[in-house]
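Reviewing the structure listed below.
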Amino acid sequence: MKWEAVIGLEVHAQLATESKIFSSTPTRYGAEPNTQAGRIDLGYPGVLPVLNRKAVELAVRFGLAIGATIGRQSVFARKNYFYPDLPKGYQISQYDRPIVTGGGLEVVLQDGSVKPVGITRAHLEEDAGKSVHDLFPDATGIDLNRAGTPLLEIVSEPDLRSAEEAVAYLKCLHTLVRYLEICDGNMQEGSFRCDANVSVRPHGQRELATRTEIKNLNSFRFVEQAIAFEIERQTEVHEDGGTIIQETRLYDPNRRETRPLRTKEDAHDYRYFPDPDLLPLVLDEPWIQTIASSLPELPRAKRDRFMASYGLSAYDATVLTQSRALADYFETGMRARTLDPKILANWVMGEVLAGLNRDHLEIEAAPVSADELAGLLARIVDGTLSGKMAKEVFEAMWGGGGTADAVIDQKGLRQLSDTGALESVIDAVIAAHPEQWAEYCAGRDKLLGFFVGQVMQATRGQASPQLLNALIEKKRRPES
Amino acid sequence: MKPGVHALLEVARNHPGRVARYYRERIDAFNDRLNAFITVLDPPPRAEAPKADPGVLAGLPIAHKDIFVTRDVRTTCGSRMLEGFVPPYDATVVERLADAGCVLLGKTNMDEFAMGSSNETSYFGPVRNPWDLERVPGGSSGGSAAAVAAGLVPVATGTDTGGSIRQPAALCGVTGLKPTYGRVSRYGMIAFASSLDQAGILARSAEDAAWVLRAMAGHDGRDSTSADRPVPDYVAQLAEGIRGLRIGILEDCFDTGLDPEVGARIRDALRVMERLGARLCEIRLPHLALSVPAYYVLAPAECSSNLARYDGVRFGHRAEGVQDLATLYRRSRSEGFGTEVKRRILIGTYVLSHGYYDAYYLQAQRVRRLIREDFIQALSTVDLLAGPTTPTPAFRLGEKTEDPLTMYLNDIYTIGVNLAGLPALSIPAGFVRGLPIGLHLIGGDFNEGLMLAAAQAFQGATEWHTLAPPGFEASGP
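For the record, the sequence lines run as chains P and X.
Heads up, the first sequence is in the numbering used here, so the first residue is 25 and it goes up one at a time.
Heads up, the second sequence is in the numbering used here, so the first residue is 75 and it goes up one at a time.
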């Protein structure tokens, strides 16, 4: 039998606010435990929550960017359960009336095709604290710095059909929240967390099969591995005639497997009800319009524009628009000099991204600025440098060597474009290889490469290839 | 007769410290008999540098119900759970009254977490009614009501979730005001049922209540449910009187369950109002009878969630010698909470549970809406509604503790007002078998001024509010 996986993702994006969602405590990451937890975050007797306007604005930005319905009246609800890192014994969240409903993303898959993925909802909620189990031998530590940090929980429709699609969707969402500047997207610090709902059904069946929920997926790689494992596991269970139990499973990256955490039977009854400390959140139209008019160009639109105005391929445009900063880098380069967009794209996607990757840098910290890169490429265009030489210059620039022109001067790297000097080298090469020359003159065109290579060797690569081709050809057919 | 706030402020101005000392001495002399205070404080020494703006209530002694958090002063909420809890912050009400110049003399006894109608659920023992020490003062603000009735403080704060200011005010023979929901900040007031809780005042008279309300009311950015609208000058409004006001008599309250003598005294009181120029008519509220059942779904639901934070992890009572988390929760909460609180947490947890939510919680919310609509409809034809505050005068200690339902019915006339969010007050309206009873007045949203003016006019024509319980007579500072 053929099987089909059905996957939906729940993403918790930490909203980039200065302070917590219901108090004025700062949200800075990495502070000493329990130093960023005020009496409201600690749930002291008598304290009350006051909603952070900025968190609402960021949620609305997201909703508008995915074409969702913005709840003109949304409601905060209490999700009740006991846990030591949940100070009030309930989490303030949204339940049946979230701030964002519907909308979707157009996800570009590996093969370049576009897959629409629906968003069920996105709601505002506060984060819990953190239980630290490995710090003290006989006790669990509680760090409440994170308690009350604003989160946007983004729930996708079960539209994804493979681990690769799930990751592509997740990357697309990751790009979007950073474009919108609503979340820093830092997965190591837990600013962008993902749970996956996975089920497997016979191909062609319409009803959804029993699903499991996988928690603790804090990198794209783990998301892909965990989902792939879970699909395989469930498929095997089905093929063996077994039944999938609805349960929560934890991904263990060391053993590369998921294992049961809790079953539906021990699932909490959260006893949701509207939080009486907070009035329904009513959004007025002018404010929503103000937010709408402040939205940046979104990834999809930017990608389309890169294809249309620069003539780039879908793949190139997707890569270059994966972050606003990278796209800005490319466009700064295009504005600096008159360049073939394809050449600049190749350099940005090739040398620049490779360098960033190697040195673990973000594009904002690239040692070669977009202007400097454009300056380098201009030296290829005007024939000063060959492609090969340009790479050498680029490496020097990356290492702090200054502008392209400075490096060229310093290293004496200039293409030989003096026709007379080149001609004498060509003559010497022909003299040394009379047989090959005869064959070439007889029409064996392939040998051009051989002669170019010989001359390049003799000039230590400084000959301009275009000029060289022309000169050799001229020698073969002097009359033309 | 004990002097009112206005006169006390005069004395305090001319003789700094004298008023506070006078009341502090009365607390020392009488509190053992009443158990009205959980914590008694010494007034600050007179050497304190005089402030540039001493405040409109400068030197006025006050007691806060022990539900309001007070910085560096133990705040128990009448519970073992918070027996040793010393908050690092003040409630907004505490802060505003301190800014106005009030002198805090202590924290008053109360039913545990404000859950009770007799003050018998307090971990710190029951409060006694100064009119009969074998009887309850009512609750949950029983300590504040008894303290004001016995002249241990001129005014005290209270909170009212289902009648917790008005019922003890009636049973102790004092004036008790529950403002409109949102009129006074809830910040720093330990939550019982957030959508119903409202801070208010227990005082000798409507005039005294007006003085205090003016200082404590107003918008607070720390409470999202507090109303952002100006605070009128309630003291100035007192002069508006009662003439021409239309008062609807809540006939439903006179039907069954009402002590006939209480009913007779209330009819007498209403005739006084008529004589003073009010126009009376009869009003019936079709859904009022559903108040108690709706309340005992909604209030416990909210309380079950509000009290989840008392888990022994961060503050409050923590069971000793515990090895695992589940036991820590179970034992800390079992030891820290009393029976009535546990009962309500269980009811609340039940009505919010999966499969029961619609039948109980949602249904009760619908009923709540209907009750409010009844009131709003009635208040579109009259200015005030009136009736008895309680069905009977104060009952004996222990009389109803075994039967929660009978106890709950004590708030039958007051609970609807909380569900509707309206302002209401109880004023002394006579005696039945030697015990005070209260007349209940209910106003429209934010119409405290009108209500207080009517009460002031009534008190100008009657002496019930000026009488002191035998043995607690006072000459004043």
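Note that the Cβ used here is the ideal one computed from N, Cα and C, for glycine as well.
Residue i touches chain X at which residues, Cβ-Cβ below 8 Å?
{"i": "residue 114 (chain P)", "result": "379, 382"}
{"i": "residue 63 (chain P)", "result": "162, 163"}
By DSSP, does residue i sit in helix, in strand, or in coil?
{"i": "residue 205 (chain X)", "result": "coil"}
{"i": "residue 445 (chain P)", "result": "helix"}
{"i": "residue 507 (chain P)", "result": "This structure leaves residue 507 (chain P) out entirely; chain P is present only between 25 and 504."}
{"i": "residue 20 (chain X)", "result": "The shown model of chain X, from 75 to 551, leaves out residue 20 (chain X), and the question about it has no answer."}
{"i": "residue 121 (chain X)", "result": "Since pLDDT at residue 121 (chain X) reaches only 47, below the 50 mark, its modelled position is unreliable, and no value is offered."}
{"i": "residue 415 (chain P)", "result": "helix"}
{"i": "residue 171 (chain X)", "result": "helix"}
{"i": "residue 457 (chain X)", "result": "coil"}
{"i": "residue 313 (chain P)", "result": "helix"}
{"i": "residue 334 (chain X)", "result": "helix"}
{"i": "residue 421 (chain P)", "result": "helix"}
{"i": "residue 460 (chain P)", "result": "helix"}
{"i": "residue 71 (chain P)", "result": "coil"}
{"i": "residue 379 (chain X)", "result": "helix"}
Just to confirm the assignment, what range does the alpha helix (DSSP H) spanning residue i have?
{"i": "residue 449 (chain X)", "result": "437 to 452"}
{"i": "residue 463 (chain X)", "result": "Per DSSP, residue 463 (chain X) belongs to no alpha helix (DSSP H) and is neither H nor E."}
Taking just the CA atoms, how far does residue j sit from residue i?
{"i": "residue 486 (chain X)", "j": "residue 450 (chain X)", "result": "19 Å"}
{"i": "residue 379 (chain X)", "j": "residue 138 (chain X)", "result": "25 Å"}
{"i": "residue 444 (chain X)", "j": "residue 235 (chain X)", "result": "19 Å"}
{"i": "residue 83 (chain X)", "j": "residue 165 (chain P)", "result": "53 Å"}
{"i": "residue 442 (chain X)", "j": "residue 256 (chain P)", "result": "53 Å"}
{"i": "residue 352 (chain X)", "j": "residue 258 (chain X)", "result": "29 Å"}
{"i": "residue 231 (chain P)", "j": "residue 129 (chain P)", "result": "24 Å"}
{"i": "residue 459 (chain X)", "j": "residue 327 (chain X)", "result": "11 Å"}
{"i": "residue 189 (chain X)", "j": "residue 195 (chain P)", "result": "52 Å"}
{"i": "residue 390 (chain P)", "j": "residue 373 (chain P)", "result": "13 Å"}
{"i": "residue 450 (chain P)", "j": "residue 476 (chain P)", "result": "9 Å"}
{"i": "residue 171 (chain P)", "j": "residue 335 (chain P)", "result": "48 Å"}
Just the chain P side, please: which residues come within less than 7 Å of residue i by C-beta, in chain order?
{"i": "residue 268 (chain X)", "result": "300, 301"}
{"i": "residue 404 (chain X)", "result": "By Cβ distance, chain P contributes nothing, its closest Cβ being about 10 Å from residue 404 (chain X), past 7 Å."}
{"i": "residue 258 (chain X)", "result": "In chain order: nothing, as chain P lies at least about 13 Å away."}
{"i": "residue 435 (chain X)", "result": "297"}
{"i": "residue 286 (chain X)", "result": "Neighbours of residue 286 (chain X) on chain P: none; closest Cβ ~20 Å, over 7 Å."}
{"i": "residue 143 (chain X)", "result": "69, 70"}
Would you mind telling me which residues of chain X sit closer than 9 Å to residue i, beta carbon to beta carbon, in chain order?
{"i": "residue 74 (chain P)", "result": "295, 296, 297, 298"}
{"i": "residue 104 (chain P)", "result": "378, 379, 382, 423, 426"}
Report the neighbours of residue i on chain P: residues whose CB is nearer than 9 Å to its CB, in chain order.
{"i": "residue 264 (chain X)", "result": "69, 70"}
{"i": "residue 375 (chain X)", "result": "295, 297"}
On the CB-based measure, 16 or more other CB atoms within 10 Å of its CB, does residue i come out buried or exposed?
{"i": "residue 133 (chain X)", "result": "buried"}
{"i": "residue 167 (chain P)", "result": "buried"}
{"i": "residue 121 (chain X)", "result": "Since pLDDT at residue 121 (chain X) reaches only 47, below the 50 mark, its modelled position is unreliable, and the value read off the structure follows with that caveat. The residue in question, residue 121 (chain X), is exposed, as its Cβ has fewer than 16 Cβ neighbours within 10 Å."}
{"i": "residue 52 (chain P)", "result": "exposed"}
{"i": "residue 67 (chain P)", "result": "buried"}
{"i": "residue 462 (chain P)", "result": "exposed"}
{"i": "residue 75 (chain X)", "result": "Caution applies to residue 75 (chain X), whose pLDDT of 44 falls short of 50 and renders its modelled position unreliable; the value that the coordinates give is listed next. Answer is exposed; the Cβ neighbour count stays below 16."}
{"i": "residue 93 (chain X)", "result": "buried"}
{"i": "residue 26 (chain P)", "result": "exposed"}
Mind pulling the chain X residues with CB within less than 7 Å of residue i?
{"i": "residue 66 (chain P)", "result": "388"}
{"i": "residue 108 (chain P)", "result": "387, 399"}
{"i": "residue 50 (chain P)", "result": "Result: empty, since nearest Cβ-Cβ is about 18 Å, beyond 7 Å."}
{"i": "residue 111 (chain P)", "result": "383, 388"}
Return the first residue and the last residue of the beta strand (DSSP E) that residue i is part of.
{"i": "residue 134 (chain X)", "result": "From DSSP, residue 134 (chain X) is part of no beta strand (DSSP E); its letter is neither H nor E."}
{"i": "residue 118 (chain P)", "result": "114 to 118"}
{"i": "residue 178 (chain X)", "result": "177 to 182"}
{"i": "residue 94 (chain X)", "result": "First-last for residue 94 (chain X): 92 to 108, but that is the alpha helix (DSSP H), not the beta strand (DSSP E)."}
{"i": "residue 141 (chain P)", "result": "138 to 150"}
{"i": "residue 505 (chain X)", "result": "498 to 506"}
{"i": "residue 126 (chain X)", "result": "Looking at the DSSP string, residue 126 (chain X) is not in any beta strand (DSSP E), and its letter there is neither H nor E."}
So which residues on chain P does residue i lean against when the C-beta distance must stay under 8 Å?
{"i": "residue 261 (chain X)", "result": "70, 71, 72"}
{"i": "residue 156 (chain X)", "result": "69"}
So does residue i have its beta carbon nearer than 7 Å to some heavy atom of the ligand NAP?
{"i": "residue 227 (chain X)", "result": "What this structure holds is no ligand at all, so the ligand NAP is not there to describe."}
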